[in-house]
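Shown next, in structure tokens, is the structure this report addresses.
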Amino acid sequence: MPHLELRIMDDAHGASGTTARGVEASPELESHAAALARARLRFAVPVCLLSFGGFLVITALAGFTSVLDAPVAGPLNWLFLLILLSFPAVGLCAWLYHRHAVRWDARTAEIIARTGESS
């Protein structure tokens, strides 16, 4: 599947507005690539922060308090339950990422087709 690689260089390394391949980048291409990058960041940053924050909270609660030691059912305590639930949570994040990545790939192909660029 084709992908779009756009690297805008500053004046110290090359003429502003050129890509890594040395092809002049059109303003339309730059705006579409920037919108695609923003869309990816709007997804990735919250998911990463929530995932990292969740694991950090579990680690802090398990290491510094006895809150998660309370039994839920029989020998099963809250810590074990939360750790078990983290596996489906990671799977959900991967599934959501895949759904979004399919859309990003379609948008990338559309941008390439519209601007006439090929990789």
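Under full-length UniProt numbering, think of the first position of the sequence shown as 1, with each following residue one higher.
Backbone N, C-alpha and C fix where the C-beta goes; we use that ideal spot for every residue, glycine too.
Treat the numbers as computed from the prediction; the structure is a model and nothing was measured.
Between the beta-carbon of residue i and the beta-carbon of residue j, is there less than 8 Å?
| i | j | result |
| --- | --- | --- |
| Leu68 | Leu76 | no |
| Leu36 | Ile111 | yes |
| Leu81 | Val72 | yes |
| Thr108 | Glu28 | no |
| His100 | Phe43 | yes |
In this structure, what does DSSP give as the bridge partners for residue i?
| i | result |
| --- | --- |
| Leu76 | Ala73 |
Measuring CA to CA, which of the options is closest to residue i?
| i | options | result |
| --- | --- | --- |
| Trp104 | Cys93, Leu56, Leu29, Ala33 | Ala33 |
| Val48 | Arg38, Thr59, Cys93 | The sequence given here places Cys at residue 48; Val does not occur at that position. For Cys48, the nearest C-alpha among the options comes from Cys93. |
| Leu96 | Glu30, Pro46, Arg38 | Pro46 |
| residue 148 | Thr59, Ser31, Gly74, Ala70 | The displayed coordinates of the chain run from 1 to 119. Any statement about residue 148 would go beyond what the structure contains. |
So for residue i, helix, strand or coil by DSSP?
| i | result |
| --- | --- |
| Thr65 | coil |
| Gly116 | coil |
| Ser31 | helix |
| Ser26 | coil |
| Asp11 | Low confidence applies to Asp11: its pLDDT is 46, below 50, so where it sits in the model is not reliable enough to give any reading. |
Quick one: residues in its chain with C-beta nearer than 7 Å to the C-beta of residue i, no 5 flanking neighbours on either side, listed in chain order?
| i | result |
| --- | --- |
| Phe52 | none |
| Pro88 | none |
Who are the near neighbours of residue i in its chain, counting only those whose CB is closer than 8 Å to its CB and skipping five residues on each side?
| i | result |
| --- | --- |
| Gly54 | Ser86, Ala89 |
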